[in-house]
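Contents: one structure, followed by commentary.
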Amino acid sequence: MGHFPPAVACRGFFCTKSLPVCISRLKNLFHRKERIHMNSSKGSLRRIWFFMKGKRLHYVGAILLVITNVALQYVGPLISSWTIDRIITGGDMEVPGMVVNLVNSMGGKEFIAANLWFCALILALITGLRGVCSFFQAKLLNTASEYTVRRIKDSLYSHIQDLPFDYHVKAETGDMVQRCTTDVETVRRFISGQLVELCRGIFMLLVAVVILGRVSLVLTLLSLVLMPFAIFFSWAFHKNAAKQFKVVDEADGAMTTVLQENLTGVRVVRAFGRQEFERQKFSDAIDKLFEACKKLNNMFAFFWSFSDFTAVAQQAVTLMGAMYFVIEKDMSYGNFLLFNSYIGMLIWPLRQLGRVLSDAAKMSIAMGRVDEILFETSEYKDETPQNTKKPPIRADIVFDGVSFSYDSLPVLKNVSFTAKAGETVAILGPTGSGKSTLVQLLQRLYDCKEGKITIGGVDIKNIDRHYLRSRVGIVLQEPFLYSRSIEENIGITCTTPEPERVREMAAVASVHDVIESFEEGYETLVGERGVTLSGGQKQRVAIARTLMKDNDILIFDDSLSAVDTETDAKIREELNTRCEGITTFIISHRISTLSGADKIIVLEDGRISACGTHQELIEIEGMYKRIYEIQSMVETVEREEGTLNAQN
40 MGHFPPAVAC RGFFCTKSLP VCISRLKNLF HRKERIHMNS SKGSLRRIWF
90 FMKGKRLHYV GAILLVITNV ALQYVGPLIS SWTIDRIITG GDMEVPGMVV
140 NLVNSMGGKE FIAANLWFCA LILALITGLR GVCSFFQAKL LNTASEYTVR
190 RIKDSLYSHI QDLPFDYHVK AETGDMVQRC TTDVETVRRF ISGQLVELCR
240 GIFMLLVAVV ILGRVSLVLT LLSLVLMPFA IFFSWAFHKN AAKQFKVVDE
290 ADGAMTTVLQ ENLTGVRVVR AFGRQEFERQ KFSDAIDKLF EACKKLNNMF
340 AFFWSFSDFT AVAQQAVTLM GAMYFVIEKD MSYGNFLLFN SYIGMLIWPL
390 RQLGRVLSDA AKMSIAMGRV DEILFETSEY KDETPQNTKK PPIRADIVFD
440 GVSFSYDSLP VLKNVSFTAK AGETVAILGP TGSGKSTLVQ LLQRLYDCKE
490 GKITIGGVDI KNIDRHYLRS RVGIVLQEPF LYSRSIEENI GITCTTPEPE
540 RVREMAAVAS VHDVIESFEE GYETLVGERG VTLSGGQKQR VAIARTLMKD
590 NDILIFDDSL SAVDTETDAK IREELNTRCE GITTFIISHR ISTLSGADKI
640 IVLEDGRISA CGTHQELIEI EGMYKRIYEI QSMVETVERE EGTLNAQN
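So the numbering used here is basically just the index in the sequence shown, starting at one, shifted up by 39.
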């Protein structure tokens, strides 16, 4: 498009598409540019300013106090220079009239020369004022920076909750944790320290140049002769450091992911004796981080050595020039003292510019990594009154020609069936046949690519996601339990869970007696991810947790697989009594669990190969009948072995 005139390019952009598509493309174009822009230091500062809304005056006030502090810092050498040249040596008082009048009212230069303690007192007062400025500057700065970081963290955490399920499936947990902690902390350090130091350095530089220029313009220019090289070098370092900071952050995120996975899966690691493999895996991640940090530190070592050399060389050149002017009687001793005091305030802020730029590069990368999450599209972005309906969920559910694929891999192909309100629908199928995907579509964790799902005649895509999920209860095969007490885990789906109801639902899930047998009962801590409980106990706690909320649809995704047959039957009997009128989906490989369902769906290769009741399916050839016969044979053998063992 770049080869055509602008008007032709615009016509090509708009005329071939409908207006909504054009608007969408423009939005994407703007969004992409915004992302690229936000990856720069300038863009990152704009983002920080956005998050600082509400405490911006605090930050501006802190910067003004920094400027006041710098101004007071410059007054000290001026007083010392004036005292030497105008009071001690008796030179003319080339100072503002109000200062001359003040000195005369106190007894003239002779009085001050005889009472130099008065000048010392003024210097002490200035130091005290600087201390007061520093105190309030720190207070305002900390308030603004902590508030800003809190808003960033709140926005991050809130946005993560709204990201599509597919994003969480693909994202690395360790890397996301690092973005929410380490990267945000990098931003906090920059705005609470280095950004203010940048303002301080710029103001010090400007004031020093103005004051020294009035004393000796030639010497001032001489004191800046090496500074262009230092500034160019700092800028070049900033560009290279930004790239290396990104490499370090990514390596750190990868290491955090390895550590997080190892700690989370410690039971699997121990069970398979994979400690040595995990040690090597973590060592490799550490090595990559070490090499990245080593390269970055080498860059810093070269930068600081060159910066120090430049600063010292510049100071030496300036000092020799000042001594020459003093010897040639072109500069007084007081002005020499002034120049010697101010030259450090002129040179070292320029040196510090490199540190600020390097920290700015690090902050820019960190803020960019944070923005990568914040700019991810929320699953609620397209909500309108038309697609956020809240119809009754306790109604007929219809899958009509539903197809779905993960990227390019087909999972469900033209699936159609109806689950009437209050029915129990069982689903059987081999691994990878699409059983879990089917119920995920029902929760709108994903949206089907073809066909549609309706509840009570309303397309599920037009039903409010949050509302739908609040009416659906699900128990997974591997339930996630929080590192809290059993009672808190069961009651977590309710705002104010009643202890009596917690125990009632635990009894329904056949886990109440087990919990009571623990030393601390319902106050027993389950450990991270419920590691202190067996697989069956975790599943039953998860069932009790799901039953605590008011459900219109219940989904059991192979959630009784770790429970023995007798307990399974007992739980199903309780559920049939308590869940009357609730549409229930049961995914299982156990025929005894499926046999009582109103409708059984057999999925093979993403398609429905059979559908009917238990009695209907065992009378026709197919997967269901084969599994039924195998499991019946196994149960018969187990019963016979049990009888023989009892007789012996």
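Ideal Cβ placement from N, Cα and C applies to all residues, glycine included.
Computed from a predicted structure; not experimentally measured.
- In this structure, the alpha-carbon of Ala405 lies about 28 Å from that of Glu317.
- Boundaries of the beta strand (DSSP E) around Gly512: 511-514.
- Annotated three-state conformation of Glu489 is strand, per DSSP.
- Residue pairing by DSSP puts Ser442 in a beta bridge opposite Glu489.
- In the structure shown, the three-state DSSP call for Ala636 is coil.
- Between Ile432 and Ile494, the gap from beta carbon to beta carbon is short of 8 Å.
- Scanning its chain for C-beta atoms nearer than 6 Å, with the 5 sequence neighbours on each side dropped, one finds around Ile582 the residues Val514, Ala548, in chain order.
- DSSP, reduced to helix, strand and coil, places Ser447 outside both helices and strands of the structure shown, so it counts as coil.
- Nearest to Tyr363 by C-alpha distance, out of Tyr381, Ser255, Ile412, is Ser255.
- Sixteen is the threshold: since fewer than 16 other Cβ atoms of the shown chains lie within 10 Å of the Cβ of Phe271, the residue is exposed.
- Take the alpha-carbon of Arg504 and the one of Val464: they are about 22 Å apart.
- Rounded to the nearest whole angstrom, the CA to CA distance from Asp607 to Gly574 is 14 Å.
- Counting along the chain, the unbroken alpha helix (DSSP H) around Arg542 starts and ends at 538-547.
- Cβ-Cβ distances below 7 Å link Gln217 to Asp291, Gly292, Thr295 in the same chain, with the five nearest sequence neighbours on each side left out; the list follows chain order.
- A check of alpha carbon separations from Arg508 across Ser447, Leu335, Lys588, Pro469 identifies Lys588 as the nearest.
- Within the same chain, and ignoring the five residues on either side of Val356 in sequence, the residues whose Cβ sits closer than 8 Å to its Cβ are Leu261, Ser262, Val264, Leu265.
- The beta carbon of Gly360 lies closer than 7 Å to those of Leu258, Leu261 in the same chain, with the five residues before and after it left out.
- When rounded, the separation of the alpha-carbon atoms in Ile625 and Ser671 is 20 Å.
- Taking a cut-off of 8 Å on C-beta distances, the segment 638-646 touches the segment 468-481, as three or more cross pairs fall below it.
- Taking C-beta atoms as the reference points, Ile529 and Val511 fail to come closer than 8 Å.
- Counting along the chain, the unbroken alpha helix (DSSP H) around Gly213 starts and ends at 212-217.
- Of the candidates Thr221, Gly651, Ile525, Lys94, Gly651 places its Cα closest to the Cα of Thr457.
- The beta carbon of Phe375 is closer than 7 Å to those of Ala361, Val365 in its chain, skipping five residues each way along the sequence.
- Nearest neighbour of Ala280 by Cα position, chosen from Ala400, Asp597, Gly167, Val676, turns out to be Ala400.
- Fewer than three beta-carbon pairs drawn from the segment 483-490 and the segment 523-538 are found closer than 8 Å, and the two stretches are therefore not classed as touching.
- Just so you know, the alpha carbons of Arg190 and Glu415 end up roughly 18 Å apart.
- Per the coordinates, the alpha-carbon of Lys327 lies some 11 Å from the alpha-carbon of Asp288.
- Here Ala636 is buried. Its C-beta has 16 or more other C-beta atoms within 10 Å.
- As DSSP reads the structure, Ser472 sits in no beta bridge.
- With three or more CB-CB distances shorter than 8 Å, the segment 409-425 counts as touching the segment 196-203.
- Rounded to the nearest whole angstrom, the CA to CA distance from Ser184 to Phe89 is 12 Å.
- For Gly240, the enclosing alpha helix (DSSP H) covers residues 234-254.
- For the pair Val286 and Phe321, the CB atoms are not nearer than the 8 Å cut-off.
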